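Asks:
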């Protein structure tokens, strides 16, 4: 909805319907104390919903603009974004005391992987799909929150992000159980997930560096070291 503001510029207003229930995290519900079977049942249902999200094909890759257009024309160009800015990450590494040789290795792995990047069609990605954005009532999912960061990407990206942020307590195989397209989980799935996760980890480090969130910078560094160790 558009309405003129006092200074003559368009004023954008979004009217939303309130969802029933509460989010699994950061609300009235404490998902950590659910039984394993109860968790699995809810997250399996979330995997089914994620299938529907991924069934939509946006235009291009990367974060989508108001017209649903990503700024990267191909998966290859998206996955080379950080590789082509290595000087930025060497600077960050120096300032946050991240091992320079480790940073060189990360960028080498990402560059090497990008040369074999598959020619895929972009799928709509939530880009922050996790318990904190899943609304439930009486153990039924009533909606998914926060589509502000939607992007065009491989559908594996949403699994990689889930694994990065929530995988220690909520493994991705619970999502996979409910996910409709089981062909996605082929022999290359884990390899691609690790590659995308490593790439996303650099993005997390960059973001926290920009915001100067010192404790979270340390957390991002630890995850990068852990993910890099899979390539040694």
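Residue numbers (the working numbering): 69 to 300. Virtual Cβ for every residue (Gly too), placed ideally from N, Cα, C. Fair warning: this is a prediction, and the values are worked out from it, not measured in the lab.
If we call anything under 8 Å between Cβ atoms a contact, is residue 134 one with residue 126?
Replies: For residue 134 and residue 126, no; Cβs fall outside 8 Å.
Asks: Is the closest heavy atom of the ligand GTP to the C-beta of residue 243 under 7 Å?
Replies: This structure simply doesn't include the ligand GTP, nor any ligand for that matter.
Asks: Counting Cβ pairs, one atom from each stretch, are 3 or more of them under 8 Å apart for the segment 192-200 and the segment 226-234?
Replies: Enough Cβ pairs lie closer than 8 Å, so yes.
Asks: Look at the alpha carbon of residue 94 and the alpha carbon of residue 107, and state the distance between them as a whole number of angstroms.
Replies: Rounded to whole angstroms, residue 94 to residue 107 spans 16 Å at the Cα level.
Asks: Among all the DSSP beta bridges, which residues are the ones paired with residue 90?
Replies: DSSP, once it has assigned bridges, lists 204 as partnering residue 90.
Asks: Since I believe residue 268 is in contact with residue 232 (beta carbons under 8 Å), could you give me their beta-carbon distance rounded to a whole number of angstroms?
Replies: The pair is a contact, with the Cβ atoms about 6 Å apart (cut-off 8 Å).
Asks: Whole angstroms are fine: how far does the CA of residue 237 sit from the CA of residue 164?
Replies: Between residue 164 and residue 237, the C-alpha separation is close to 28 Å.
Asks: Relative to the C-alpha of residue 265, which residue among 102, 298, 253 is closest?
Replies: Residue 265 has its Cα closest to that of 298, out of 102, 298, 253.
Asks: Identify which residue in 87, 273, 186, 119 has its Cα closest to the Cα of residue 289.
Replies: Minimum Cα distance to residue 289 is reached at 273.
Asks: Evaluate residue 316 with the Cβ neighbour count: other Cβ atoms within 10 Å of its Cβ, from every protein chain shown; 16 or more gives buried, anything less gives exposed.
Replies: Lying outside 69 to 300, the shown extent of the chain, residue 316 is not represented and no answer is given.
Asks: Which residues does DSSP list as the beta-bridge partners of residue 131?
Replies: Partner(s): 219.
Asks: Looking at C-alpha atoms only, which residue of 279, 96, 221 is the closest neighbour of residue 260?
Replies: Measuring from the Cα of residue 260, the nearest candidate turns out to be 221.
Asks: Per DSSP, what kind of secondary structure is residue 138 in: helix, strand or coil?
Replies: If DSSP states are grouped into helix, strand and coil, residue 138 belongs with the strands.
Asks: Mark residue 283 as exposed unless 16 or more other C-beta atoms lie within 10 angstroms of its C-beta, in which case mark it buried.
Replies: Exposed.
Asks: Hey, residue 118 and residue 197 are a contact pair by Cβ (cut 8 Å); roughly how many whole angstroms apart?
Replies: About 6 Å separates the two Cβ atoms, so the contact holds.
Asks: Starting from residue 119, trace the alpha helix (DSSP H) in both directions and tell me its first and last residue.
Replies: First-last of the alpha helix (DSSP H) with residue 119: 104-122.
Asks: Please state if the CB of residue 130 and the CB of residue 140 are separated by a distance shorter than 8 Å.
Replies: Closer than 8 Å, so yes.
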